[in-house]
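Residue numbers (our numbering): -18 to 236. Think of the CB as a built atom: it goes at the ideal place given N, C-alpha and C, for glycine as much as any other residue. Here's the structure we're looking at; comments come further down.
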Ligand SMILES: [Zn+2]
């Protein structure tokens, strides 16, 4: 079942779903409906024809510009579509058919949307993170990581970040972490369990500190202007969900 044929179908499905994720990324922060109206050019407002809505292909054919107003179309569209296509193909290749592949892809889609919205708006919408916690836990009843690991994942993921945020607030008297980050890591915990959630947190903190130090070293700003933490959580969770188990095994051998 994991031949190249079904993998190509998975990639095409991924590109189509990536197109929907773009709609979510554009509309969720603006609090408009994600199902209505049909897609329009954000610059001139003209509704798009069906052939302008084909993932990746349309962007290339139109040379990244609107047909009417010639304003450039955000490069985010083909990037998100390609990334989602790649993720679907890789997940299908890796997991094969089953409940786990659905669970991991749902998490992956949520992470892509959260990454893009946090990067642009410094916002992690509740409409993704809160249902995400429930959906992740529901899946854990029938697949990895199991309901107990999922439940502990929710508590540890949310709890650790909440505690860190509280300490930071008491010491620095300013908001270091938002409640959005807390809910996002609780969601990640629900999907991948507490062990991989700790891997996520370590990877995200490490990457965040590294980028922060690079920004300071190149004098582009201090830690405060570093990327929002949700983007690092998304990257960390992606890493944890794919190679986290091997990483954990390797690490625990030193104990
Ligand atoms: Zn236009």
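Exposure of residue 137, with buried meaning 16 or more beta-carbon neighbours within 10 Å: buried
Residue 7 (DSSP reduced to helix, strand or coil): helix
Cβ distance (whole Å) where residue 120 is taken to contact residue 172 below 8 Å: 7 Å
Proximity winner among 108, 170, 145, relative to residue 128 (alpha-carbon distances): 170
When 77, 55, 210 are compared against residue -14, the one with the closest alpha-carbon: 77
Segment contact flag, the region 44 to 58 with the region 70 to 90, C-beta cutoff 8 Å, min 3 pairs: Contact fails: fewer than three Cβ-Cβ distances are below 8 Å.
Residue 193 versus residue 224: straight-line alpha-carbon distance, rounded: So the alpha carbons of these two residues sit roughly 24 Å apart.
Any non-hydrogen atom of ligand 1 closer than 8 Å to residue 45 Cβ: no
Complete runs of the alpha helix (DSSP H) confined to the region 136 to 200 [at least 4 residues]: 160 to 198
Continuous alpha helix (DSSP H) assignments of at least 4 residues falling wholly in the region 13 to 68: Correct list: 38 to 42.
Residue 132 versus residue 174 - alpha carbon distance: Whole-angstrom Cα-Cα distance: 7 Å.
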